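As given, the protein sequences belong to chains A and B, one line each in that order.
Note that the working numbering has the first sequence beginning at 1, numbered continuously upward.
Note that the working numbering has the second sequence beginning at 1001, numbered continuously upward.
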Amino acid sequence: GAVVSQHPSWVICKSGTSVKIECRSLDFQATTMFWYRQFPKQSLMLMATSNEGSKATYEQGVEKDKFLINHASLTLSTLTVTSAHPEDSSFYICSARPRTGYAGANVLTFGAGSRLTVL
Amino acid sequence: KNEVEQSPQNLTAQEGEFITINCSYSVGISALHWLQQHPGGGIVSLFMLSSGKKKHGRLIATINIQEKHSSLHITASHPRDSAVYICAVGGNYGGATNKLIFGTGTLLAVQP
């Protein structure tokens, strides 16, 4: 089955530093990946849609200069939280959809998530 | 009012009980997803459905498109079913295709 690997699973950093989170589709090619953020006891909120080879589409209220998304290949998307501050502390999770033609093309597979704590 | 509403928010059951979690939505959808999130945060996709009913092991998901309502049933519940169950609807929202709108989740605790 489709597997999405997300790394790191947790990270603690100092305020002002940048943190990169990777999302990899291990056994399928994903033209589209999604990045979500989840605050404690709240539901997931879509941050942006990452399309391979083009610019990400950000949701309203999400700062594109703060949350840099790069989808340079069909198996890797990265989210970089730049100049992180304590309010950026959250659980970040990605999901990927296989490209059309793959057996599980309609299945959305999630990574295990990355818990970011900014001190 | 949220576009995706789930009930109940919290549910405690005894092992072996039949469990139902409900999801109502107010937007047009191309598909509805049921997801399971364990305490560590990882999310597993349980079902994606756009009509009728699907069954996988002890889990059953139904959807009524006309009533904009879906239910997730767990038969013979077990403590390992304890998790947050999330309903999400997918469609073309705000010009974005395949965007998901999530419910707030139902926290299920199955006691032995």
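Glycine residues also receive a C-beta, built at the ideal position from the N, C-alpha and C atoms.
Remember, it's a predicted structure, so these values are computed and weren't measured experimentally.
Selection from B:Met1048, B:Asn1010, B:Ser1077, B:Gln1066 that minimises the alpha carbon distance to Val1089 of chain B: Checking every option, the nearest Cα to that of Val1089 of chain B belongs to B:Met1048.
Closer than 8 Å at the beta carbon, the chain B residues around Ser43 of chain A: Ile1086, Phe1102, Gly1103, Thr1104, Gly1105
Residue environment, His71 of chain A, which counts as buried when at least 16 other CB atoms sit within 10 Å: buried
Validate contact between the segment 1033-1053 of chain B and the segment 108-115 of chain A using beta carbons, cut 8 Å, 3 pairs: Contact check between the segment 1033-1053 of chain B and the segment 108-115 of chain A: three or more CB pairs, one atom from each, fall below 8 Å, which counts as touching.
Alpha-carbon spacing of Ser73 of chain A relative to Ser43 of chain A, whole angstroms: 29 Å
Cβ-based burial, Gln38 of chain A [other Cβ within 10 Å; buried from 16]: buried
Selection of the segment 1037-1056 of chain B by Cβ proximity to chain A, strictly under 9 Å: Gln1037, Gly1040, Gly1041, Gly1042, Ile1043, Val1044, Ser1045, Met1048
Contact between the segment 1002-1021 of chain B and the segment 1058-1067 of chain B (3+ Cβ pairs under 8 Å): no
DSSP three-state assignment for Pro86 of chain A, whether helix, strand or coil: DSSP, read as helix, strand or coil, puts Pro86 of chain A in helix.
Cutoff 8 Å: Thr109 of chain A Cβ touching any chain B Cβ: Yes, Thr109 of chain A lies at the interface with chain B (some Cβ there is under 8 Å from its Cβ).
Opening and closing residue of the beta strand (DSSP E) in which Leu119 of chain A lies: Counted as a single uninterrupted DSSP element, the stretch harbouring Leu119 of chain A is not any beta strand (DSSP E), since DSSP gives it neither H nor E.
Top-ranked residue by Cα proximity to Phe80 of chain A, from A:Val3, A:Glu52, A:Arg99, A:Pro8: Correcting the residue type first, residue 80 of chain A is Thr in the shown sequence and not Phe. Comparing Cα-Cα distances from Thr80 of chain A to each of A:Val3, A:Glu52, A:Arg99, A:Pro8, the minimum goes to A:Pro8.
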